[in-house]
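The numbers in full-length UniProt numbering rise by one with no breaks, and the one at position 44 of the sequence shown is 44.
Report on the structure given below.
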Amino acid sequence: MAVIALDVLLSTDNVQYIVAALAVVFTCVGLFWFFKQSDAMRRTMPD
């Protein structure tokens, strides 16, 4: 999904599409960071 959003971001002149593509990219990056952090936190917690 992020790759498609980057393609739209680079190929369009419509501001609404650019804003939507940026929102998708930041959402994907944020979700990746969140799940990476939660996995690291889960690994450090005792059973």
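Where a beta carbon is used, it is the ideal one built from N, C-alpha and C, also for glycine.
- For the pair ILE18 and PHE32, the Cα-to-Cα distance works out to about 21 Å.
- Less than 7 Å divides the Cβ of ALA5 from the Cβ of VAL24.
- Only exposed fits ALA40, as fewer than 16 other CB atoms lie within 10 angstroms of its CB.
- The residues TYR17, ALA21, in chain order, have a CB closer than 6 Å to that of VAL8 in the same chain once the five nearest residues on each side in sequence are set aside.
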